[in-house]
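Counting along the sequence shown from 1, when you hit position 1 you're at 1015 in the working numbering, and nothing is skipped either side.
Where is the CB? At the ideal position from N, CA and C, for every residue including glycine.
Following: one structure in structure tokens, then a few remarks.
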Amino acid sequence: MRYTLFLLCFILNGCWYSNGCFYTPQMVNCVDKGKEYPLIAGYQKKGLLGHTNSKQRWKDFVSCGGKYGDINLHYYLQNYQINGKRYKNLDECMNTKEYIYLSPAECGYQDSKWDKGKCNL
């Protein structure tokens, strides 16, 4: 019993919670990271990661067939034509306007502690 109690105390002392993360001897789990960036924030101009003009991005997004205000890209066009030019999907059109797409994992979170500095709203 004494050995079991000692072992239990040793294991519990190896765990702690700090700054939204639960630290254990084998891993770290962070759950309080804040809000993720919406998917529209993943479209960034090459060379301007994190500093893309959001007003111009919306104009380009709408000119590619997207809907203004659709921050999570629920309306995602595929195999369509705009001004006589055929596009396989929305990403292809945005690529012609020199945008690259960063996934939510590449963007990070809106909280400055977890923001990777690659995306902006």
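Apart from sequence neighbours up to five positions away, the residues of its chain that approach Gly1064 with a beta-carbon distance below 6 Å are Gly1131, Lys1132 and Asn1134, ordered along the chain.
Look at the segment 1017 to 1091 and you find these whole runs of alpha helix (DSSP H), each 4 residues long or longer: 1068 to 1077. In this chain, the alpha helix (DSSP H) harbouring Asn1109 covers Leu1104 to Thr1110. Assignment of beta-bridge partners to Asp1125 by DSSP yields no partner.
By the criterion of a C-beta distance shorter than 6 Å, Val1042 is surrounded in its chain by Cys1035, once the five residues flanking it on both sides are discounted.
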